Amino acid sequence: MIHVSLQRLVLKNEVNYIISQITGLINTPVFIQDAEGMALFGEIDQYQPFRYPVEIDNKTIGWVGGGEQAAVLASLLSCLAKQELEKKSIGREALEKYKEITLLYDLAEKLTASLDTAEVAQLVIDEAKTLIAADNNSVMLVNEETGMLEVIASSGKELHPGEGLKNGTGIAGSVVLTGRAEIVNDIPSDKRYVPGAVRVSSLMCAPLKIKDRVIGVIYISSEDPVQYTAEDLKLLSAIAFQAAADIENARLYDSLKETFLTTVYTLAETIEKRDPYTGGHTKRVMNYSIAIGKVLGLSDTEIGRLELAAMLHDIGKIGIKDRILLKKGKLTPFEFAEIKMHPIYAEEILNHIKHLRDIVPAVKHHHERYDGCGYPEKLRGDGIDIKARIIAVADAFDAMTTDRPYRKAMSLQIALEELWANSGTQFDPEVVRAFFEAFEKDELLVKKGW
Ligand SMILES: [Fe+2]
């Protein structure tokens, strides 16, 4: 059951500010107490006849006392409490979804080191090469969706990753069907053989089995005639036995990683859909950011984090009410203060998810300015995570070049001039320079649209 504590609400900086402003206007002593009578603000006056309830859905969570005008403060606190409750419940739904996927992801991580399927397959080939003499080695896996037997990793000239044959054809396909390892020392006389890039004379092929299910094969061949023996086949089968579990785990991990990214992206899109004016914003900011990151020479790991952070940069808006988020007119200072909370809300959400914790600085600081005048922490220069500095440029460029509730899109030329004019103040000049370089190379795909 989600509930809102009046004490916590009153302690929030922005709420505390509002209370002081209102009590200043009322000009009579005001006190706030919780439902149990504990003082939260001001001094409780036992004899004060005016006490107004702070309520959420007819449930009293506290009282405001102090003159007739205190009723204004009580109803304002009721509104803020209600808003807090709504924010919590939306956030909770998102968190539940995240937690579920994170549990699966954790499990997969325990099962295998963080290698992908092709890397595991390559390790298997390397191991086979040291134990059995052969010119060509490959690991092929059955693709259940396409019905193909696909080469995942290889060495030598006969087969290459990405190639494949229809499952059931060739000697490898036949091993998948029977589930039995085979030696063929006289290839030309075997009708099943499908010639590849080089002529081979002898081969061995062993199934990769998970219980009774064949998920693929390990295949080795020699261009010169050799006589593979039953002992060789036993060795290859032992390698295949060990490899099958590792490969299956890697495949499971790969597919969970995919599911995880898709879930994160879907969530980002769900948030974006609240605001029809920003359709496609997330994807564009992601692509601009990656293009800039590549020009700046960020490592693959950092680019991966940048992609996730750009995808989720506005996830905190889940906590902002539609009334403020979609407002067409000018925002009041209170409303603007609420909008400015979205990086903090994002931090709260992302900190709950182990796999997203390391992108918190990039998301939390995407509205900081290079000159230190941004929010939420007024960080400046290199003190701002580089990924946040990149997202700031990508986000601003997209905001300028798309229609917003309160204004039409700027022309491309004016938007570029704006970026340039604010380089060194709002934006990191190095990032703006990288943006222009990516733009020159047409890597932002701006001209092509999405
Ligand atoms: Fe934002």
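Position 205, counted from 1, in the sequence shown is what the UniProt record's numbering calls 205; the numbers after and before it change by one each time, with no gaps.
Here a beta-carbon is modelled for each residue, glycine too, at the ideal position from N, C-alpha and C.
Model, not experiment: these values are computed from the prediction.
Secondary structure note for Val-10: its alpha helix (DSSP H) is the uninterrupted segment 6 to 11. For Val-363, the three-state secondary structure derived from DSSP is helix. According to the DSSP assignment, Glu-150 belongs to the beta strand (DSSP E) that extends over 148 to 155. Among the bridge pairs identified by DSSP, Gln-33 is matched with Ala-39 and Trp-63. Assigned with DSSP and collapsed to three states, Asn-136 falls in strand. Within the model, the alpha-carbon separation for Glu-347 versus Leu-267 is close to 16 angstroms. Distance between Lys-283 and Leu-298, taken at the CA atoms: about 20 angstroms. In the DSSP assignment, Glu-335 falls within the unbroken alpha helix (DSSP H) covering 333 to 339. Counting other Cβ atoms within 10 Å of its Cβ, Val-175 reaches 16 or more and is therefore classed as buried. Using a Cβ distance threshold of 8 angstroms, Leu-312 and Val-393 do not count as a contacting pair. In this chain, Val-217 is not harboured by any alpha helix (DSSP H); it is covered by the beta strand (DSSP E) spanning 213 to 222.
In the three-state scheme derived from DSSP, where H, G and I count as helix and E and B as strand, Glu-163 is classed as coil.
When DSSP states are grouped into helix, strand and coil, Val-194 belongs to the coil group.
No residue range can be given for Lys-441, since it is assigned to no beta strand (DSSP E) and is classified by DSSP as neither H nor E. Neighbourhood of ligand 1, defined by CB distance below 6 angstroms to any of its heavy atoms: His-313, Asp-314, His-342, His-366 and His-367, in chain order. Contact annotation: Ser-221 and Glu-158 have beta-carbon atoms nearer than 8 angstroms. Excluding five sequence positions before and after Thr-60, the CB atoms of its chain that fall closer than 6 angstroms to its own CB belong to Ala-35 and Pro-53, given in chain order.
For Cys-205, the secondary structure class from DSSP, reduced to helix, strand or coil, is strand.
Annotation for Glu-163: Glu-150 and Val-151 place their beta carbon closer than 8 angstroms to its own, counting only its chain and skipping 5 residues before and after. Annotation for Ile-187: no beta strand (DSSP E) segment contains it, and DSSP assigns it neither H nor E. DSSP, read as helix, strand or coil, puts Asn-422 in coil. Lys-387 is positioned such that its CB atom lies closer than 8 angstroms to that of Leu-306.
DSSP places Glu-182 in the strand class (E or B) of the three-state scheme. With a cut-off of 8 angstroms on Cβ pairs, the segment 113 to 130 is in contact with the segment 236 to 256, counting three or more such pairs.
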